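*Asks:*
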Amino acid sequence: MRPRPLDLLILAAAAGLTALSAFAAYAPGGGEPVLVVSAGGEEYLYPLGQDRHVEAPGPLGLTEIDIVAGRVVFAHSPCPNQTCVASGEIHREGQWLACLPNEVFARIEGGTDDGGVDAAAY
Amino acid sequence: MPPPIEGAGEGGPAAVPGFGLSRRADLTALLGAFCFFLSAVEYMIPKPLPFMRLGIANLPILLAVEILPLRWFLVLALVKVIGMSLVSGTLFSYVAVFSLVGTMGAALAMWGTKRAGRGAVSFLGVSVAGAVVSNALQVLLARYLVFGEAARLIAPVFLGMGLVTGALLGLFAERFVLGSRWYARALGGEEPGTRPGAAAAPEAAARGGAASAKAPAGGDAP
Numbered sequence: 000m001r002p003r004p005l006d007l008l009i010l011a012a013a014a015g016l017t018a019l020s021a022f023a024a025y026a027p028g029g030g031e032p033v034l035v036v037s038a039g040g041e042e043y044l045y046p047l048g049q050d051r052h053v054e055a056p057g058p059l060g061l062t063e064i065d066i067v068a069g070r071v072v073f074a075h076s077p078c079p080n081q082t083c084v085a086s087g088e089i090h091r092e093g094q095w096l097a098c099l100p101n102e103v104f105a106r107i108e109g110g111t112d113d114g115g116v117d118a119a120a121y
Numbered sequence: 000m001p002p003p004i005e006g007a008g009e010g011g012p013a014a015v016p017g018f019g020l021s022r023r024a025d026l027t028a029l030l031g032a033f034c035f036f037l038s039a040v041e042y043m044i045p046k047p048l049p050f051m052r053l054g055i056a057n058l059p060i061l062l063a064v065e066i067l068p069l070r071w072f073l074v075l076a077l078v079k080v081i082g083m084s085l086v087s088g089t090l091f092s093y094v095a096v097f098s099l100v101g102t103m104g105a106a107l108a109m110w111g112t113k114r115a116g117r118g119a120v121s122f123l124g125v126s127v128a129g130a131v132v133s134n135a136l137q138v139l140l141a142r143y144l145v146f147g148e149a150a151r152l153i154a155p156v157f158l159g160m161g162l163v164t165g166a167l168l169g170l171f172a173e174r175f176v177l178g179s180r181w182y183a184r185a186l187g188g189e190e191p192g193t194r195p196g197a198a199a200a201p202e203a204a205a206r207g208g209a210a211s212a213k214a215p216a217g218g219d220a221p
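As you go down the protein sequences, you meet chains A and B in turn.
Residue 97 in numbering that gives the first Met the number 0 sits at position 98 of the first sequence, and the numbers go up by one each step.
Residue 121 in numbering that gives the first Met the number 0 sits at position 122 of the second sequence, and the numbers go up by one each step.
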């Protein structure tokens, strides 16, 4: 099948939009990476260098997040499909895990330059 | 003089004599059933990332962009949303809202792209346009309803997946319509690869030379 003129234009526009969004999302930050957990209208920051068990509240219950050796997994979530649990682990800046039914989003971002945080909510 | 046909003037088979209300309803119901079936198939396939869909349940909607008038086309899109939500058990949840906004946005984008582009765009471009619009809308919903600023991290993956799956779906649709007698009849033509008033595709013309003598006159419902 030979693409038609508008096909190529639409493909180029889609590819350009994807590239632009990638640049905006994954531009490297500064400092040590931290885990940012968005849940219940709040955001929580956790350093990756310290093993921790986090319970993030959502409409369906608690989503359990484990930080072990700098790697983050959703250990359990009250959603019916458990897709978030099956997504595996993240450990690099820009990676993320999400449970849409329970409205919990966890991502790794570059930390602040003021020496990092233990845990903070804002 | 026969009464005016509902939807005539919107283009497509609504302007074809005999394409009445019952036939549009039948086609919409058939394509809606395919949406249900493909939703079930898609549900069984492991998803690469949370709340991300492969989009194969959009195939009937893509094919319908040239077959159905706008109102029935939107009814089909709504049937797809309900079917997918029922199959995945997410009818009364945020996921259904995402599905509704994404699917209706994709449907309108496909419709608009085909009408604006006419012969300069194929199913490839129509499908990619629909997929990218759908995923962009869902990212915006995620940004303002659920995840806030963090939703920007989802955008590249969503848009990239939409580009790839949309392109694959569009290529499949192009290949399908070349050989589908059902599609040709639904569109008002007689042979695969034909459209009313257009020349037959070379492959269809080669096959149709012998078959046309045996084919009954007039199109029937599949």
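From the three backbone atoms N, C-alpha and C, an ideal C-beta is built for every residue, glycine too.
The model shown is predicted, which means the values in this text are computed figures rather than measured ones.
1. With a cut-off of 8 angstroms, does the C-beta of valine 72/A fall near any C-beta of chain B?
2. Taking the beta carbon of valine 72/A as the centre, do at least 16 other beta carbons fall within 10 Å, making it buried, or is it exposed?
3. Can you tell which of Phe171/B, Asn134/B and Val176/B has the C-alpha that lies nearest to the C-alpha of alanine 108/B?
4. When burial is assigned at 16 or more other CB atoms within 10 Å of the CB, is aspartate 6/A buried or exposed?
5. Tell me the DSSP bridge mates of glutamate 54/A?
6. Going along chain A in order, which residues have a C-beta closer than 7 angstroms to the C-beta of valine 40/B?
7. Roughly how many angstroms lie between the CA atoms of valine 84/A and proline 59/B, to the nearest whole one?
8. Is it true that the CB of valine 35/A sits closer than 8 angstroms to the CB of glutamate 41/A?
9. Around the C-beta of alanine 198/B, are 16 or more other C-beta atoms found within 10 angstroms, so that it is buried, or is it exposed?
10. What do you reckon, is the C-beta of leucine 59/A under 7 angstroms from a heavy atom of the ligand PLP?
11. Using the Cβ count rule (16 or more neighbours within 10 Å means buried), how would you classify valine 40/B?
12. Note down the Cα distance separating isoleucine 81/B from alanine 119/B, rounded to an integer number of angstroms.
13. Closer than 8 angstroms by C-beta to valine 86/B: which residues in its own chain qualify, once you throw out the five before and the five after it? Chain order, please.
14. I'd like the ranges of any alpha helix (DSSP H) spanning at least 4 consecutive residues and lying wholly in the stretch 49-95 of chain B.
15. Could you give the distance in angstroms between the alpha-carbon of alanine 24/A and the alpha-carbon of proline 58/A?
16. Leaving out five residues before and five after arginine 106/A in sequence, what residues of the same chain have Cβ atoms less than 6 angstroms from its Cβ?
17. Is it buried or exposed for serine 84/B, if we count other Cβ within 10 angstroms and need 16 for buried?
18. Would you decide whether tyrosine 182/B is buried or exposed? Buried here means 16 or more other CB atoms lie within 10 Å of its CB.
19. For leucine 53/B versus isoleucine 44/B, is the C-beta distance shorter than 8 angstroms?
20. For a contact defined as C-beta to C-beta under 7 angstroms, what are the partners of proline 4/A on chain B?
21. Taking 8 angstroms as the cut-off, decide whether the C-beta atoms of leucine 73/B and glycine 104/B are in contact.
22. Listed from N- to C-terminal order along the chain, which residues in the stretch 74-107 of chain A have their beta-carbon within a distance smaller than 7 angstroms of any beta-carbon of chain B?
23. Candidates Asn101/A, Arg91/A, Ile9/A and Ala68/A: which alpha carbon is nearest glutamate 54/A's?
24. According to DSSP, which residues form a beta bridge with proline 32/A?
25. Can you tell me the Cα-Cα spacing of alanine 220/B and leucine 26/B, whole angstroms?
26. Please list, in chain order, the chain A residues whose beta carbon lies closer than 7 angstroms to that of phenylalanine 35/B.
27. Within the continuous alpha helix (DSSP H) that includes valine 71/A, where are the two ends?
*Replies:* According to the structure data:
1. For the purposes of this step, residue 72/A is taken as the residue at position 73 of the first sequence. No, its Cβ sits nowhere closer than 8 angstroms to a Cβ of chain B.
2. Taking the first residue of the first sequence as 1, we reach residue 72/A at position 73. Buried, by the Cβ-count rule.
3. Taking the second sequence and counting its residues from 1, the one referred to as residue 108/B is at position 109. Closest by alpha carbon: Asn134/B.
4. On the first sequence, residue 6/A is found 7 positions in, with the first residue counted as 1. So aspartate 6/A ends up on the buried side.
5. Residue mapping note: residue 54/A aligns to position 55 of the first sequence, counting from 1. Bridge partners of glutamate 54/A: Glu63/A.
6. Translated into the one-based positions of the second sequence, residue 40/B becomes position 41. Near valine 40/B there are no residues of chain A at all, since even the closest Cβ is about 16 angstroms away, more than 7 angstroms.
7. Position 85 of the first sequence, counted from the first residue, corresponds to residue 84/A. Position 60 of the second sequence, counted from the first residue, corresponds to residue 59/B. Taking the straight line joining both Cα atoms gives about 32 angstroms.
8. By one-based count along the first sequence, residue 41/A stands at place 42. By one-based count along the first sequence, residue 35/A stands at place 36. Cβ atoms of glutamate 41/A and valine 35/A: not closer than 8 angstroms.
9. Position 199 of the second sequence holds residue 198/B. Model confidence at alanine 198/B stands at a pLDDT of 45, short of 50, so the residue's coordinates are unreliable and nothing is read from them.
10. Within the structure as shown, the ligand PLP is missing, as the structure has no ligands at all.
11. Indexing the second sequence from 1 puts residue 40/B at position 41. Exposed is the call here.
12. For the purposes of this step, residue 81/B is identified with residue 82 of the second sequence, where counting begins at 1. For the purposes of this step, residue 119/B is identified with residue 120 of the second sequence, where counting begins at 1. C-alpha separation (whole angstroms): 33 angstroms.
13. Here residue 86/B refers to the residue found at position 87 when the second sequence is read from its first residue. Taken in chain order, the residues that qualify are Phe35, Ser38, Ala39 and Tyr42.
14. 58-63 and 69-87
15. On the first sequence, residue 24/A is found 25 positions in, with the first residue counted as 1. On the first sequence, residue 58/A is found 59 positions in, with the first residue counted as 1. If I take the Cα positions, the gap works out to 27 angstroms.
16. In the first sequence, counting from the first residue as 1, residue 106/A sits at position 107. Excluding residues up to 5 positions away in sequence, Val35 and Trp95 lie with their Cβ nearer than 6 angstroms to the Cβ of arginine 106/A in the same chain.
17. The residue labelled residue 84/B in the question sits at position 85 within the second sequence. By the neighbour-count rule (16 or more Cβ atoms within 10 Å), serine 84/B is buried.
18. What you label residue 182/B is simply residue 183 of the second sequence in a count that begins at 1. Result: buried.
19. Position 54 of the second sequence, counted from the first residue, corresponds to residue 53/B. Position 45 of the second sequence, counted from the first residue, corresponds to residue 44/B. Less than 8 angstroms separates the beta-carbon of leucine 53/B from that of isoleucine 44/B.
20. Start at 1 with the first residue of the first sequence, and residue 4/A comes out as number 5. Ordered by position in chain B, the residues that pass the 7 angstroms Cβ test against proline 4/A are Ala119.
21. Position 74 of the second sequence, counted from the start, is the residue given in the question as residue 73/B. Position 105 of the second sequence, counted from the start, is the residue given in the question as residue 104/B. No, these two residues do not count as a Cβ contact at 8 angstroms.
22. Pro79, Thr82, Cys83, Ser86, Gly93, Trp95, Ala97, Cys98, Leu99, Pro100, Glu102, Phe104 and Arg106
23. The residue given as residue 54/A occupies position 55 in the first sequence. It is Asn101/A whose Cα lies nearest to the Cα of glutamate 54/A.
24. Residue numbering aside, residue 32/A sits at position 33 when the first sequence is read from its first letter. DSSP lists Gly109/A as partners of proline 32/A.
25. Translated into positions along the second sequence, residue 220/B becomes position 221. Translated into positions along the second sequence, residue 26/B becomes position 27. At alanine 220/B the pLDDT is 34, less than 50, meaning the model places this residue with poor confidence and gives no usable figure here.
26. Within the second sequence, the letter at position 36 stands for residue 35/B. Ordered by position in chain A, no residue passes the 7 angstroms Cβ test against phenylalanine 35/B, which lies about 19 angstroms from the chain.
27. Taking the first residue of the first sequence as 1, we reach residue 71/A at position 72. Careful: valine 71/A lies outside any alpha helix (DSSP H), inside the beta strand (DSSP E) at 70-75.
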